[in-house]
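Q: If you scroll down you'll find the structure; I have some questions about it.
Residue numbers (full-length UniProt numbering): 1 to 278.
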């Protein structure tokens, strides 16, 4: 099922700690600032990181009497059905209903997936128009996509996440549906031109056309991302004086990186040609 006329953007990676929620919330707020109605869905009923992030944002706005852009948000709670099959049917129906409801008022729906290969996460990937996969800049984090022979950069096998994506793509094609557009975003990039960074660049640029993903420029490693969650703020909120986010060179560079990502997502979705003015 496609969510009406809304584009579904899934932020997914089986590996934890890749920055999925940070990317999801910045996509939601960045697209909202372009005047695009945005919905968001949190599939991680245990951590609820995206839900907590947006709850903090709502409370911060109320306490400071400030209006900031906010997506129309939903959290999908797990089914309480006794049998596994019944629970899966219920969860799938919930996902379908939430996507359909958000499609009534939103042009883009951002879905934040938990780590692991859970049933709901796979179902969300099956409904994606665009998949954004944040990838920490290390071969440990690349392993779920592609595994290499020890001590070399010769591909050995697809990683677990890539195999799941391959299965999802095959299911979509067999059902007569087009494959999703896949964007891999390098995250927590070092500011140094070290050997790991050079090796990752060479390998990712080589495998991108083979595996079928767009390689986004990426985000640098910056402390400020760790400080925004408890206020519910994003780097796009730095022009609001009450946020007390200090506008410096590093922040401007980070905003530009995020604006570039949103521009790539918009072009892939073919919904807007403009770039956010960072």
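Here a beta-carbon is modelled for each residue, glycine too, at the ideal position from N, C-alpha and C. All values derive from a computational prediction rather than experimental measurement.
Is it buried or exposed for residue 51, if we count other Cβ within 10 angstroms and need 16 for buried?
A: That one is buried.
Q: Specify the secondary structure class of residue 82 as computed by DSSP and reduced to three states.
A: Three-state DSSP puts residue 82 in coil, outside helix and strand.
Q: Given that a residue counts as buried once 16 or more other Cβ atoms are within 10 Å of its Cβ, and exposed if not, what is residue 59?
A: Exposed is the call here.
Q: Look at the alpha carbon of residue 204 and the alpha carbon of residue 215, and state the distance between them as a whole number of angstroms.
A: Cα to Cα, the separation comes out at about 8 Å.
Q: Relative to the C-alpha of residue 63, which candidate in 78, 232, 41 and 38 has its C-alpha closest?
A: Of the listed residues, the one whose Cα sits closest to residue 63 is 232.
Q: Look up residue 135 in the DSSP assignment and give the residues it is bridged to.
A: Looking at the DSSP assignment, residue 135 forms a beta bridge with 186.
Q: My output table needs one value for residue 224: the three-state DSSP class, helix, strand or coil.
A: Residue state, collapsed to three classes: helix.
Q: According to DSSP, is residue 147 helix, strand or coil?
A: In this structure, residue 147 counts as strand in the three-state DSSP scheme.
Q: Per the DSSP calculation, residue 214 is bridged to which residue(s)?
A: Its beta-bridge partners are 183.
Q: Going by Cα to Cα distance, which pick from 258, 148, 224 and 11 is closest to residue 245?
A: If we check each option's Cα against that of residue 245, 224 comes out closest.
Q: Which of the three DSSP states is assigned to residue 42 in this structure?
A: Reduced to three states, the DSSP call for residue 42 is strand.
Q: Pick helix, strand or coil for residue 268, following the three-state DSSP scheme.
A: Reduced to three states, the DSSP call for residue 268 is helix.
Q: Got a sec, what are the start and stop residues for the alpha helix (DSSP H) residue 120 sits in?
A: Per DSSP, residue 120 belongs to the alpha helix (DSSP H) from 119-126.
Q: Starting from residue 110, trace the beta strand (DSSP E) in both directions and tell me its first and last residue.
A: Unbroken beta strand (DSSP E) run through residue 110: 108-112.
Q: Go to residue 157, then tell me how far its beta strand (DSSP E) extends in each direction, as first and last residue.
A: Its beta strand (DSSP E) spans residues 155-158.
Q: Tell me where the alpha helix (DSSP H) around residue 66 begins and ends.
A: Segment: none, residue 66 is in no alpha helix (DSSP H) and carries neither H nor E.
Q: Take residue 137 as the anchor and find which of 237, 265, 34 and 221 has the nearest alpha-carbon.
A: It is 221.
Q: Would you mind giving the Cβ-Cβ distance between residue 162 and residue 142, rounded to the nearest angstrom? I have them listed as a contact below 8 Å.
A: Not confirmed; about 10 Å, so no contact.
Q: Return the first residue and the last residue of the beta strand (DSSP E) that residue 7 is part of.
A: Taken as a continuous stretch (DSSP letters only), the beta strand (DSSP E) holding residue 7 covers 7-11.
Q: In the DSSP output, which residue or residues are listed as bridge partners for residue 140?
A: The partner list for residue 140 (beta bridge, DSSP) is empty, contrary to what the question assumes.
Q: Tell me whether residue 209 is buried or exposed, calling it buried when 16 or more other Cβ atoms sit within 10 Å of its Cβ.
A: So residue 209 ends up on the exposed side.
Q: Would residue 90 and residue 40 qualify as a contact pair, given that the criterion is a beta-carbon distance under 9 Å?
A: In this structure, residue 40 does not lie closer than 9 Å to residue 90 by Cβ.
Q: Using 10 angstroms around the beta-carbon of residue 144, count the other beta-carbons present and answer buried if the total reaches 16, otherwise exposed.
A: The residue is buried, with at least 16 neighbouring Cβ atoms inside 10 Å.
Q: Going straight from the alpha carbon of residue 181 to that of residue 212, what length do you get?
A: Cα-Cα distance, rounded: 8 Å.
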